[in-house]
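Visitor: Numbering (my numbering), first residue to last: 486 to 649. Every residue gets a Cβ at the ideal spot worked out from N, C-alpha and C, and that includes glycine. Shown below is the structure under consideration.
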């Protein structure tokens, strides 16, 4: 009887874990509607002042299977998925390279992010949409990104926007 009970508990735990990972998306820790708060990083070739002014009324919605930026950019992606990745120093160096003029500026943003997650947003065709969401401590950031295929395929960050 004891053996049967232990086996039943083990099967129940396995089934619960299966359903937890199957039916709950990777982005459940970041879902919500957020307002733009501040620019934490802008590529040295861009203007921070212009960026702040142009985004002060922007709302970001992170849903189970969609991502929207409104009203200013009126951009919405549906049928997206989120690839959750743990952030650490080796991950940052491998993904972002830190070999450019922006190196010192972007290091300031990542210096406080030794613990956190990056969520890569992927469309229904399995392509990245050009935005990453970071959860660092209790803070949420959205980054506009592109891959620089001329420099080892590193991800380049155009802007880091803090949300609230």
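Could you give the DSSP three-state label for residue 580: helix, strand or coil?
Guide: Correct three-state label for residue 580: helix.
Visitor: Under three-state DSSP, which class holds residue 618?
Guide: Strand.
Visitor: Our contact map puts residue 620 next to residue 515 with C-beta atoms below 8 Å; I'd like the distance itself, whole angstroms only.
Guide: 5 Å between Cβ atoms; contact.
Visitor: What does a CB cutoff of less than 7 Å around residue 508 pick up in its chain, not counting 5 residues either side in sequence?
Guide: Because residue 508 carries a pLDDT of 45, less than 50, the predicted location of this residue cannot be relied on, and no value is offered for it.
Visitor: Based on DSSP bridge pairs, tell me the residues matched to residue 544.
Guide: Residue 544 pairs with 520 and 555.
Visitor: From 544, 548, 616 and 601, pick the residue whose C-alpha is nearest to that of residue 577; which is it?
Guide: The option with the nearest alpha carbon to residue 577 is 601.
Visitor: With the cut-off set at 9 Å, would you say residue 607 and residue 545 are in Cβ contact?
Guide: Their beta carbons are not under 9 Å apart, which means residue 607 does not touch residue 545 by this criterion.
Visitor: Can you give the Cα-Cα distance for residue 521 and residue 554, rounded to whole angstroms?
Guide: Using only the alpha carbons, I get a separation of about 10 Å.
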